[in-house]
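A.B. asks: Per my numbering, the sequence shown runs over residues 16 to 188. All C-beta atoms, glycine included, are put in the ideal place defined by N, C-alpha and C. Being a predicted model, the structure only gives us computed values, none of them experimental. Here's a structure for you.
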Amino acid sequence: MTQAGNSTSANGVPSSTSLTKPATIRVFCGSKTGSSPAYLAAARSLAHAMHDNNVHLVYGGGTVGIMGELARTLVSLSGSSAVHGIIPTALVSLERQGRAPDESIYGRTTIVPDMHTRKRMMAQEVVDGGPGGGFVALPGGFGTMEELMEAVTWNQLGIHDRGICIFNVEGCK
16 MTQAGNSTSA NGVPSSTSLT KPATIRVFCG SKTGSSPAYL AAARSLAHAM HDNNVHLVYG
76 GGTVGIMGEL ARTLVSLSGS SAVHGIIPTA LVSLERQGRA PDESIYGRTT IVPDMHTRKR
136 MMAQEVVDGG PGGGFVALPG GFGTMEELME AVTWNQLGIH DRGICIFNVE GCK
């Protein structure tokens, strides 16, 4: 278990807050910037809220588009240990600039063989994280919707009990 601090009670037992893992949020979002500058602004806003609340990010591992903006912003605020990108081999050439992204800019990256492994690992990080973790969808495409719907289905099936949110940027159009 990751320790958030070193506080102990009078009897020398670590306090519950010192052993609490940071919450982890899995964010689904586009590997493109989208049709509005508000989408990148929403990614930066979410990163600031995550930083302010000591929340970690697990995301699709891309370095471009909304995905890259979210990771870069949170790393710049909270450090590389707050961000973990998980990307399948098939998407590396499509969703990353360069071969090996700099951990100091995008956080830790894990390359996995397929989408099923990616989705399972990302969901497990949320479940293993501290209280308050969950799933958030920012603007994206079909992949964003597919991963969001799988998280909803897993919730309905009792595979996880974490919250699921859709960040409505600029209202419905």
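1. What is the rounded straight-line gap between the Cα of G83 and the Cα of A58?
2. Does the distance from the CB of V98 to the CB of L72 come in under 8 Å?
3. DSSP three-state call for L109: helix, strand or coil?
4. For G173, count neighbouring Cβ atoms within 10 angstroms of its own Cβ and tell me buried if that reaches 16, exposed if not.
5. Going by the CB atoms, is the gap between R111 and T88 shorter than 8 Å?
6. Return the CA-CA distance between G144 and H175, expressed in angstroms with no decimal places.
7. On the three-state DSSP scale, how would you describe I120?
8. Give the range of the alpha helix (DSSP H) segment to which I101 is assigned.
9. What residue range is occupied by the uninterrupted alpha helix (DSSP H) comprising G80?
10. For the ligand FAD, is there any heavy atom lying closer than 7 Å to the beta carbon of R123?
11. List, from N- to C-terminal side, the alpha helix (DSSP H) runs of 4 residues or more that fit wholly inside the region 52-80.
12. Alpha carbon to alpha carbon, how far is P128 from I40? Give it in angstroms, no decimals.
13. Using the Cα positions of T159 and G100, report the straight-line distance between them to the nearest angstrom.
14. Under the three-state reduction of DSSP, which class applies to F182: helix, strand or coil?
15. Less than 8 Å separating the beta-carbons of G94 and G45?
16. So which of M65, K134, I179 and I120 has the shortest CA-CA distance to P37?
C.D. replies: Judging by the given coordinates:
1. Numbered from its first residue, the sequence shown carries residue 83 at position 68. Numbered from its first residue, the sequence shown carries residue 58 at position 43. Roughly 9 Å between the two C-alpha positions.
2. On the sequence shown, residue 98 is found 83 positions in, with the first residue counted as 1. On the sequence shown, residue 72 is found 57 positions in, with the first residue counted as 1. Judged by their CB atoms, V98 and L72 are nearer to each other than the 8 Å cut-off.
3. Locating residue 109 in the sequence shown gives position 94, counting from the first residue. The three-state reading of DSSP puts L109 in helix, counting H, G and I together.
4. Counting from one through the sequence shown, the residue named residue 173 turns up at place 158. For G173, the number of other beta carbons within 10 angstroms of its own is below 16, and it is reported as exposed.
5. As a first step, residue 88 must be located in the sequence shown, where it is residue number 73. As a first step, residue 111 must be located in the sequence shown, where it is residue number 96. T88 places its beta carbon 8 Å or farther from that of R111.
6. Position 129 of the sequence shown, counted from the start, is the residue given in the question as residue 144. Position 160 of the sequence shown, counted from the start, is the residue given in the question as residue 175. So the alpha carbons of these two residues sit roughly 12 Å apart.
7. Here residue 120 refers to the residue found at position 105 when the sequence shown is read from its first residue. Helix, per DSSP.
8. If you number the sequence shown from 1, residue 101 lands on position 86. Taken as a continuous stretch (DSSP letters only), I101 belongs to no alpha helix (DSSP H), being part of the beta strand (DSSP E) at V98 to P103.
9. Translated into positions along the sequence shown, residue 80 becomes position 65. From DSSP, the alpha helix (DSSP H) with G80 extends over G80 to S93.
10. Annotation note on the ligand FAD: not contained in the displayed structure, which lists no ligands.
11. The region 52-80 contains these whole alpha helix (DSSP H) runs: 52-67.
12. Your numbering for residue 40 matches position 25 in the sequence shown. Your numbering for residue 128 matches position 113 in the sequence shown. Approximately 22 Å, taken between the alpha carbons.
13. Your numbering for residue 159 matches position 144 in the sequence shown. Your numbering for residue 100 matches position 85 in the sequence shown. A straight line joining the alpha-carbon of T159 with that of G100 spans about 15 Å.
14. The count along the sequence shown starts at 1 and reaches residue 182 at position 167. DSSP places F182 in coil when its eight states are reduced to three.
15. Locating residue 94 in the sequence shown gives position 79, where the first residue counts as 1. Locating residue 45 in the sequence shown gives position 30, where the first residue counts as 1. Not a contact, by the Cβ cut-off of 8 Å.
16. By one-based count along the sequence shown, residue 37 stands at place 22. In terms of CA proximity to P37, M65 leads the group M65, K134, I179 and I120.
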